[in-house]
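Numbering (our numbering), first residue to last: 308 to 1185.
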């Protein structure tokens, strides 16, 4: 610890005499603030962070000691620091956890002696701690009670394992340490902490690469290192990385790496606390830039300061995950004796030791670098192998320097990599393991560039490399029978696909050029072309892979933004894909890609749009030119069959159908046509709006039919109701009949009634009907609160208005940050300018909206009124 400054000496002198609580409070606050200020103004270095947590611990020790001395505490009691405070690592906003050890004659009081004055002294001490501003977590026990509770609760056992004497009866503390150590079963403790760590990792999605990681609790965070220390301490293997190295559990190099990465995580956590001014362990978007700037990072046109910080964090977290795995396996082998388990030879280089893949010698990779990639091939192909042993992981960790340019260009390594890619099973686990051990990024240097690369948008929730691993997993699941229920149509297509590895390569490269500037699809196509050439992939397969990577965003864009009932749209997309094989490959990757961005992005409606586009394009590629009249007649016939099943009289539907044009029948399938006919049976001329809702045939949300006399503000009023009722509109199909009635269909969902849509049908029908009968001006839209992510990554509002292919209607595209009331705000502008809506495609990508509308109206025919309309739209989106 550094020599005390003049201010430190003054504080120590002040603490040597009895002080009133207000004075202790002032000394605690000023001393803590002085240390934090000194840290904030100093350089963001690991030594400064280490010094801060030690000095904060020392400062609180002194204040607590002073308070203990001047409190009326029972004779023989002891004050013990536990948890992080016991470790001597007190961060700026951490809790101060203490244990008040009592003599055995002060065990939990019975009713008759609950007024023991010695107990009152303890309560007064705890109250005084809070009065002076110490946010303590306190427990009061005897040694016997500690032993009893430690046996029942591994959390209490963990807190006690790092106990540190503060003041009071030293003999009682030594007795406490011996007693708690004696009841600790290293094997049971290891098992409990391992399961606890697994649960924590699941809570944080089993990845250190989430975009807002918790630097303490996420995989690769400080807690992973603390778990290793606790288990090692419980097994009597040492307290520090140096001691573990001395015992042979880790190498000197690994100890250095552990110390370096732990230091960086501590530094980030300390900076987070001081900048947030509260206990905040998450690197949330709101704070990333401020923390990055405190490290000296500066934003440039090419890279944000926060991106530089997060990349550094991810690399440290990744190293911690690797080293944690090595240590946990090593300690488990030591504690359980599994390191002495018999080994079954697999080949001359690898053994199976209790289901773990073990290298034959520590220097295998130095002697034979080809064995590095062959490790994962053996892991993939050998039945019963569930992971890599500590020895193998350590050997891989220390062999990273061998994977140089010559290694990457070695033809034998190319063959091994393609053997893994073309294997019959285990792709997801093999490639994730390759990425986790840094082998993938060192073999594919282009992949290394996107490891830990943030994606600054509002719908990806993973770094680029983790997103790619998710997409690869999703593609792989299409070919696994156990996952057929997840994507039945994709699984059906995959069952007839002859070369799954083609899709795996495309998945691995589809986003590999992100973060470089320029179109990552085009750049990725260049990279995958080079990969195919180097790895001997034949020209036909190489061209297919390059096409998939280059066009991997096209199908999603067409499905979600264009009118799929327009034959020209289908023909243009068919001209892009050219043949059914390319179409199928692109469809499978598109579904896997969208599913791999975020759990919030995919929904059944997007799935239907993609499937509709696939089927329509497949028909076009088969030479079946769209014959709209024949298609519509087929839909009508199917709808009549459905109506007959519901006992509707033959011909009853004609009254409605005579009022509808071809666009209506082109944009609705036979099931929707039949539903509309049943709902409007003999109700074609109404004076009041009719609202009919049903459970969506897609299995998600509601479909809502609105039939009402048309008026300019009708769409806006519908949107206003759904906004106020907290429904999200996924799709809107708007039609006006020849009789002047609006026949509109909406697909809506709400996050608040995920499993209770049936109960909402009557409510929606009644309330929306009343809302549409309202008169007077449209109510003002609600100004919904922006989420933290939107505030951190705002989307510049954009409006684009262009004529369609026939110059009869206009395609209006808007993009903006999502918020409640946004669609209603757009609808109000449409109503004000008497712009007629014919089709709306609502696309929400995380917290960004990309909506497309098909519109017409007199206001769009003149430059001046069009500019005024667009300006008001931008104001509404802002």
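Ideal placement from N, C-alpha and C gives every residue a C-beta, glycine not left out.
**Study point:** Backbone CA spacing between residue 898 and residue 914 [nearest angstrom]
**Key:** Translated into the one-based positions of the chain shown, residue 898 becomes position 591. Translated into the one-based positions of the chain shown, residue 914 becomes position 607. Cα to Cα, residue 898 sits roughly 8 Å from residue 914.
Exercise for review: Please report the residue range of the beta strand (DSSP E) in which residue 786 lies.
Suggested key: Numbered from 1 along the chain shown, position 479 holds the residue referred to as residue 786. From DSSP, residue 786 is part of no beta strand (DSSP E); its letter is neither H nor E.
Practice item. Would you kindly report the start and end of the unbroken beta strand (DSSP E) that includes residue 1123? Key: In the chain shown, the residue the question calls residue 1123 occupies position 816. Where residue 1123 is concerned, the enclosing beta strand (DSSP E) stretches over 1117-1124.
Check your understanding: Taking the Cβ atom as the reference point for each residue, do residue 691 and residue 662 lie within a distance shorter than 8 Å?
Key -> As a first step, residue 691 is located in the chain shown; it is residue number 384 there, counting from the start. As a first step, residue 662 is located in the chain shown; it is residue number 355 there, counting from the start. Closer than 8 Å, so yes.
**Study point:** residue 475 (DSSP reduced to helix, strand or coil)
**Key:** Position 168 of the chain shown, counted from the first residue, corresponds to residue 475. Strand at residue 475.
Check your understanding: Assuming residue 601 and residue 578 make a contact with CB atoms under 8 Å, what is their CB distance in whole Å?
Key -> Translated into positions along the chain shown, residue 601 becomes position 294. Translated into positions along the chain shown, residue 578 becomes position 271. 5 Å between Cβ atoms; contact.
Check your understanding: When the distance is taken between beta carbons, is residue 371 closer than 8 Å to residue 339?
Key -> On the chain shown, residue 339 is found 32 positions in, with the first residue counted as 1. On the chain shown, residue 371 is found 64 positions in, with the first residue counted as 1. No, Cβ-Cβ distance for residue 339 and residue 371 is not below 8 Å.
Review point. Along the chain, which unbroken stretches of the beta strand (DSSP E) at least 3 residues long are found entirely within the region 994-1042?
Key: Counting whole runs of 3 or more residues, the region 994-1042 contains the beta strand (DSSP E) stretches 997-1002, 1009-1016.
Review point. Is DSSP giving residue 418 helix, strand or coil here?
Key: The count along the chain shown starts at 1 and reaches residue 418 at position 111. Note that residue 418 has pLDDT 45, beneath the 50 cutoff, so the model's placement of it is unreliable and the number below is only indicative. DSSP places residue 418 in the helix class (H, G or I) of the three-state scheme.
Review point. Residue 734 to residue 1000, Cα distance in whole Å?
Key: Your numbering for residue 734 matches position 427 in the chain shown. Your numbering for residue 1000 matches position 693 in the chain shown. The straight-line gap from Cα to Cα measures roughly 45 Å.
Practice item. Count the other C-beta atoms from every protein chain shown that fall within 10 angstroms of the C-beta of residue 885, then say buried if there are 16 or more, exposed otherwise. Key: Counting from one through the chain shown, the residue named residue 885 turns up at place 578. Around the beta carbon of residue 885, a 10 Å sphere encloses fewer than 16 other beta carbons of the protein chains shown; the residue is thus reported as exposed.
Review point. Should residue 1132 go down as buried or exposed, given a rule of 16 or more other Cβ atoms within 10 Å for buried?
Key: For this step, residue 1132 is matched to residue 825 along the chain shown. If you draw a 10 Å sphere on the C-beta of residue 1132, you find 16 or more other C-beta atoms in it, and that means buried.
Practice item. Please confirm if the region 366-384 is in contact with the region 576-592, defined as three or more CB-CB distances below 8 Å between the two stretches. Key: No contact exists between the region 366-384 and the region 576-592.
Check your understanding: Considering residue 635, what are the terminal residues of the alpha helix (DSSP H) in which it resides?
Key -> Against the chain shown, residue 635 aligns to sequence position 328. Here the alpha helix (DSSP H) through residue 635 covers 612-643.
Practice item. Give the secondary structure of residue 1053 by DSSP, where H, G and I count as helix, E and B as strand, and everything else as coil. Key: Here residue 1053 corresponds to residue number 746 of the chain shown, with the count starting at 1. Residue state, collapsed to three classes: strand.
Check your understanding: Can you tell which of 446, 982, 1067, 1159 has the C-alpha that lies nearest to the C-alpha of residue 1037?
Key -> What you label residue 1037 is simply residue 730 of the chain shown in a count that begins at 1. The alpha carbon of residue 1037 has as its nearest neighbour, out of 446, 982, 1067, 1159, the alpha carbon of 1159.
Check your understanding: Any idea if residue 517 is buried or exposed, counting beta-carbon neighbours within 10 angstroms, 16 or more meaning buried?
Key -> Translated into the one-based positions of the chain shown, residue 517 becomes position 210. Answer is buried; the Cβ neighbour count reaches 16.
Practice item. Quick one: which unbroken alpha helix (DSSP H) runs of 4-plus residues sit fully inside the region 848-904? Chain order, please. Key: Listed in chain order, the alpha helix (DSSP H) elements of length 4 or more contained wholly in the region 848-904 are 861-868, 874-884, 887-902.
Check your understanding: Using 8 Å as the threshold, is the region 939-947 in touch with the region 971-990, meaning 3 or more CB pairs across them?
Key -> Short answer: they touch.
Exercise for review: Identify the continuous beta strand (DSSP E) that holds residue 443 and give its terminal residues.
Suggested key: Stepping through the chain shown from its first residue, residue 443 is reached at position 136. Its beta strand (DSSP E) spans residues 443-449.
Review point. Do the region 923-931 and the region 958-973 meet, that is, are 3 or more Cβ pairs less than 8 Å apart?
Key: No contact exists between the region 923-931 and the region 958-973.
**Study point:** Strand pairing of residue 769, partner residues [DSSP]
**Key:** As a working note, residue 769 is residue 462 in the chain shown. According to DSSP, residue 769 bridges with 517.
Point to revise | In DSSP terms, what residue 1148 is bridged to | key: Counted from its first residue, the chain shown places residue 1148 at position 841. Note: residue 1148 sits in a beta bridge opposite 1038, 1159.
Point to revise | DSSP-derived helix/strand/coil call for residue 652 | key: The residue you call residue 652 lines up with position 345 of the chain shown. Residue 652 falls in the strand class under three-state DSSP.
Check your understanding: Are there 16 or more other CB atoms within 10 angstroms of the CB of residue 509, so buried, or fewer, so exposed?
Key -> Numbered from 1 along the chain shown, position 202 holds the residue referred to as residue 509. Residue 509 comes out exposed.
Exercise for review: Tell me, please, which residues DSSP counts as bridged to residue 658.
Suggested key: Your numbering for residue 658 matches position 351 in the chain shown. For residue 658, which the question treats as bridged, DSSP gives the partners 652, 665.
Practice item. With a threshold of 16 other CB atoms inside 10 Å of the CB of residue 1171, please say whether the residue is buried or exposed. Key: Position 864 of the chain shown holds residue 1171. In the assembly as shown, residue 1171 is an exposed residue. Its beta-carbon has fewer than 16 other beta-carbons within 10 Å.
Point to revise | residue 542 versus 463, 1021, 642, residue with shortest Cα-Cα distance | key: Taking the chain shown and counting its residues from 1, the one referred to as residue 542 is at position 235. The alpha carbon of residue 542 has as its nearest neighbour, out of 463, 1021, 642, the alpha carbon of 642.
Practice item. Can you say whether residue 334 is buried or exposed, counting buried as having 16 or more other CB atoms within 10 angstroms of its CB? Key: Here residue 334 refers to the residue found at position 27 of the chain shown. Counting Cβ neighbours within 10 Å, residue 334 comes out buried, since at least 16 surround it.
**Study point:** Best match in 555, 604, 524 for proximity to residue 576 [C-alpha to C-alpha]
**Key:** The residue given as residue 576 occupies position 269 in the chain shown. Ranking the options by Cα distance to residue 576, first place goes to 524.
Exercise for review: Answer yes or no: do residue 1104 and residue 1181 have a C-beta to C-beta separation smaller than 8 Å?
Suggested key: The sequence position of residue 1104 within the chain shown is 797, counting from 1. The sequence position of residue 1181 within the chain shown is 874, counting from 1. Their beta carbons are under 8 Å apart, which means residue 1104 touches residue 1181 by this criterion.
Exercise for review: Write down the C-beta distance between residue 441 and residue 403 rounded to the nearest angstrom, noting that I regard them as a contact closer than 8 Å.
Suggested key: Position 134 of the chain shown, counted from the start, is the residue given in the question as residue 441. Position 96 of the chain shown, counted from the start, is the residue given in the question as residue 403. Contact holds; Cβ gap of about 6 Å.
Point to revise | Cα-Cα separation, residue 594 to residue 520 | key: Start at 1 with the first residue of the chain shown, and residue 594 comes out as number 287. Start at 1 with the first residue of the chain shown, and residue 520 comes out as number 213. Each residue's Cα considered, the two are about 12 Å apart.
Check your understanding: Is DSSP giving residue 801 helix, strand or coil here?
Key -> Along the chain shown, read from residue 1 onward, the residue named residue 801 stands at position 494. If DSSP states are grouped into helix, strand and coil, residue 801 belongs with the helices.
Check your understanding: How long is the line joining the alpha carbons of residue 743 and residue 489, rounded to whole angstroms?
Key -> Here the question's residue 743 lines up with position 436 in the chain shown. Here the question's residue 489 lines up with position 182 in the chain shown. Annotation: residue 743 to residue 489 spans about 38 Å, alpha carbon to alpha carbon.
Exercise for review: Kindly indicate which residue of 1079, 1068, 981, 1005 has the alpha-carbon position closest to the one of residue 1016.
Suggested key: Counted from its first residue, the chain shown places residue 1016 at position 709. Proximity to residue 1016 across 1079, 1068, 981, 1005 peaks at 1079, based on C-alpha coordinates.
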